Structures are given as structure tokens and as C-alpha cells.
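Residues in the sequence shown are numbered consecutively from 803, following the working numbering.
Working notes, structure below.
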Amino acid sequence: MNARAGRLEQLATESAARFDDAERRYRDRLAAGGTADRREPTRVRRLRAHLEADADAAGAVLGRLLLSAGLDAARPDARNR
Numbered sequence: 803m804n805a806r807a808g809r810l811e812q813l814a815t816e817s818a819a820r821f822d823d824a825e826r827r828y829r830d831r832l833a834a835g836g837t838a839d840r841r842e843p844t845r846v847r848r849l850r851a852h853l854e855a856d857a858d859a860a861g862a863v864l865g866r867l868l869l870s871a872g873l874d875a876a877r878p879d880a881r882n883r
């Protein structure tokens, strides 16, 4: 059981590192794109802000989902399904 717990911890650490890298790359791309052009309509700026917020929220939720999936896969009876 210790080997499974260790492997699960390793997977959680690796996935967290990958999500941190993805978040950094995403924020770098946003920064490289510059700020929203003032000539853009308010609808476009509002939509852009919603999309950015949704992407941030999805990154946080996805990490939790992967961890719970890993916990389910580590259960001893998971192979019998």
C-alpha cells in the first residue's frame, strides 16, 4: 500500500507542476498580447474578461478532478471494474 500511496503522491506532484507551468505559459501569452485595445467594444472586453476568468477557474477545478480520479484508480478494487 505504501508504494501505491507514494505513486499517487508522485502523480499529484507532477500534475500540480504541469498545471503551474501551463498557468505560467497562459499568463505569459496574455502579457505578450498586451492589454485590450480601447477601441474594442465593451462587449468584446467583457467577453474577454469572462473567458479569462473561466480559464482560471477551469485550471483550478481540473487539478481537483485529476486528483480524485487518481485516488479512485489507486483503490484496490479498481482493477475489478
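Note that beta-carbon positions come from the ideal geometry of N, C-alpha and C, so glycine has one too.
Small disclaimer: the values here were computed from a predicted structure and weren't measured.
Less than 6 Å between C-beta atoms, sequence neighbours within five positions excluded: which residues of the same chain meet that for residue i?
i, result
"residue 867", "none"
"residue 815", "none"
In chain order, what residues of the same chain have a beta carbon less than 8 Å from the beta carbon of residue i, not counting five sequence neighbours either side?
i, result
"residue 857", "828"
Between the Cα of residue i and those of the options, spot the shortest distance and give me the residue it belongs to.
i, options, result
"residue 870", "849, 804 and 811", "811"
"residue 859", "832, 804 and 825", "825"
"residue 864", "845, 804, 841 and 820", "820"
"residue 862", "817, 872 and 805", "817"
"residue 854", "831, 823 and 843", "831"
DSSP three-state call for residue i: helix, strand or coil?
i, result
"residue 774", "No answer is possible for residue 774: the residues shown for the chain start at 803 and end at 883."
Is residue i a contact residue of the ligand PLP, with contact defined as CB to any heavy atom under 7 Å?
i, result
"residue 834", "In the structure on display, the ligand PLP does not appear, and there are no ligands present to speak of."
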